[in-house]
Amino acid sequence: MTNIQMSSHEKHQRIWQTVVAIPPGKVASYGQVADLAGLPGRARLVGKCMAYASDEIQVPWYRVLKSNGQLAFAPDSNAAKKQTALLIKEGVTVNNNRVKLHEFGWQPSLDEILFKLQF
DNA sequence: CGACTGACGCCGA
DNA sequence: CTCGGCGCCAGTC
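If you count the first sequence from 1, you need to add 447 to reach our numbering.
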């Protein structure tokens with residue numbers, strides 16, 4: 448089958464574009480972002496990018512969680528508190544370092560995927 | 001060049 | 001719910 452090579456720059460580009468598409472008040476998992484970005488199984492890569500993004504105010508990195516709804520940071524850690532504060536500010540409820548995905552998980556419609564993810 | 005290391009995920013016990 | 005194990009891959013050492 449045809450194997451399309453993607454430059455690390457493009458992967459980077461797709462991941463951020465996907466994260467930016469997450470609506471305020473909603474959250475998505477690393478794996479979900481990877482899938483939507485066309486990088487199935489590359490959840491760790493998404494985490495890598497979020498680490499870079501922590502400096503950039505542009506990317507809503509805090510809307511990205513683990514697949515079970517837990518924050519990626521250790522409870523009580525500085526980063527976890529910071530992320531929790533940002534989420535609560537958007538109306539997302541955080542309990543014990545975790546968010547209920549059935550309540551706040553982002554489930555993009557086909558429409559959103561086609562219009563927001565330009566790749 | 002091999003080993004180790006992550007803002008991860010899934011499955012089975 | 002916890003633990004172990006394996007998959008994944010770009011950096012670091």
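From the three backbone atoms N, C-alpha and C, an ideal C-beta is built for every residue, glycine too.
- According to DSSP, L512 shares a beta bridge with S476.
- G552 is the residue among G552, G488 and A526 whose C-alpha sits nearest the C-alpha of G538.
- When secondary structure is reduced to three states using DSSP, Q464 falls in the helix class.
- Taken atom to atom, the span from the alpha-carbon of V541 to that of L548 is near 11 Å.
- Shown here, G485 sits in coil according to DSSP, grouped into three states, outside any helix or strand.
- Taking C-alpha positions only, A484 is separated from A527 by approximately 25 Å.
- Rounded to the nearest angstrom, the Cβ distance from V506 to V467 is 6 Å, consistent with a contact under 8 Å.
- Distance from the Cα of I535 is smallest, within the candidate group A490, R510 and Y499, for R510.
- Under the three-state reduction of DSSP output, N525 falls in the helix class.
- Beta bridge pairing from DSSP links R491 with no other residue.
- For Q530, the three-state secondary structure derived from DSSP is helix.
- Put simply, of A521, E559, A532 and Y499 the residue whose alpha carbon is nearest the alpha carbon of H459 is Y499.
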